[in-house]
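Written out below as structure tokens is the structure these notes cover.
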Amino acid sequence: MNERLRAYGLSAAFIALVAAPAFRDADNDGFPLSTYPMFAHGRDRVNDVAGAVAVGTRGRRVNLAPRFVANSEAMLAVATLRRALDAGPDATHALCESIAQRVAAAREPELGDAQRVELVTRRVDAIDFLAGRVPRTKGHVHVSCPVPRGTKAVPAADGSKP
Numbered sequence: 014m015n016e017r018l019r020a021y022g023l024s025a026a027f028i029a030l031v032a033a034p035a036f037r038d039a040d041n042d043g044f045p046l047s048t049y050p051m052f053a054h055g056r057d058r059v060n061d062v063a064g065a066v067a068v069g070t071r072g073r074r075v076n077l078a079p080r081f082v083a084n085s086e087a088m089l090a091v092a093t094l095r096r097a098l099d100a101g102p103d104a105t106h107a108l109c110e111s112i113a114q115r116v117a118a119a120r121e122p123e124l125g126d127a128q129r130v131e132l133v134t135r136r137v138d139a140i141d142f143l144a145g146r147v148p149r150t151k152g153h154v155h156v157s158c159p160v161p162r163g164t165k166a167v168p169a170a171d172g173s174k175p
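This note's numbering numbers the first residue of the sequence shown as 14 and each following residue consecutively.
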């Protein structure tokens with residue numbers, strides 16, 4: 014009987030621990046049980062998104078993959094862009110030039126005529142973006158730099174080639 018009572022008490026304690034996050038502030042996050050505060054609040058559907066764009070000879074614009082900015086991780090590329098934009102013109106221009114060097118060394122046919130790289134911020138509807146219904150808008154161009162031709166390959170931040 015004593016062992017059964019101990020099992021019931023332990024089970025009740027675990028149930029209380031699992032249910033506890035439902036009764037505390039959504040921003041109070043902690044170990045071992047998380048309230049996942051990044052999902053606890055509503056988000057705006059329309060947001061400003063930073064990106065890098067290669068512009069070709071006829072004005073054709075190609076959104077650059079994250080590996081041209083940082084590495085293959087999209088969130089790291091967004092953070093790298095945001096950090097450079099927040100740091101000011103020198104950091105923004107330096108990032109633009111490193112991306113342009115990677116574009117120059119790229120083997121993708123759609124980047125073969127790229128003349129310049131632009132770091133831009135666009136206002137994007139998240140639902141339309143994820144559904145593939147994003148209009149090709151130019152957005153706000155923070156900096157533009159030429160794509161150098163005839164240069165050696167410049168690896169991405171993680172060491173991989175673009």
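Ideal placement from N, C-alpha and C gives every residue a C-beta, glycine not left out.
{"Query": "Am I right that ALA67 and VAL75 are in contact with their C-beta atoms under 8 Å? What's the rounded C-beta distance?", "Result": "5 Å"}
{"Query": "Should THR70 be labelled buried (16 or more other beta-carbon atoms within 10 Å of its own) or exposed?", "Result": "exposed"}
{"Query": "Tell me the residue span of the beta strand (DSSP E) that contains PRO159.", "Result": "153 to 159"}
{"Query": "Where does GLU131 fall in DSSP's three states?", "Result": "strand"}
{"Query": "Between which two residues does the alpha helix (DSSP H) containing ALA32 stretch?", "Result": "15 to 32"}
{"Query": "Which parts of the stretch 42 to 96 are runs of the alpha helix (DSSP H), unbroken and 4 residues or longer, counting only runs that do not cross its ends?", "Result": "79 to 82"}
{"Query": "Between the alpha carbons of GLY64 and ASP38, how many angstroms are there, rounded?", "Result": "35 Å"}
{"Query": "Whole angstroms are fine: how far does the CA of LEU30 sit from the CA of ARG19?", "Result": "17 Å"}
{"Query": "Can you give the Cα-Cα distance for VAL133 and ALA104, rounded to whole angstroms?", "Result": "14 Å"}
{"Query": "Just the Cα atoms here: how many angstroms apart are ALA117 and ALA127?", "Result": "8 Å"}
{"Query": "Whose C-beta lies closer than 8 Å to the C-beta of ASN15 among residues of the same chain, with five residues either side of it excluded?", "Result": "none"}
{"Query": "Could you check what DSSP says for ARG136 in three-state terms: helix, strand or coil?", "Result": "strand"}
{"Query": "Pick helix, strand or coil for GLU121, following the three-state DSSP scheme.", "Result": "coil"}
{"Query": "Cβ atoms of VAL62 and ARG135: under 8 Å apart, would you say?", "Result": "yes"}
{"Query": "Does DSSP classify ARG162 as helix, strand or coil?", "Result": "coil"}
{"Query": "In this structure, does DSSP put ASP99 in helix, strand or coil?", "Result": "helix"}
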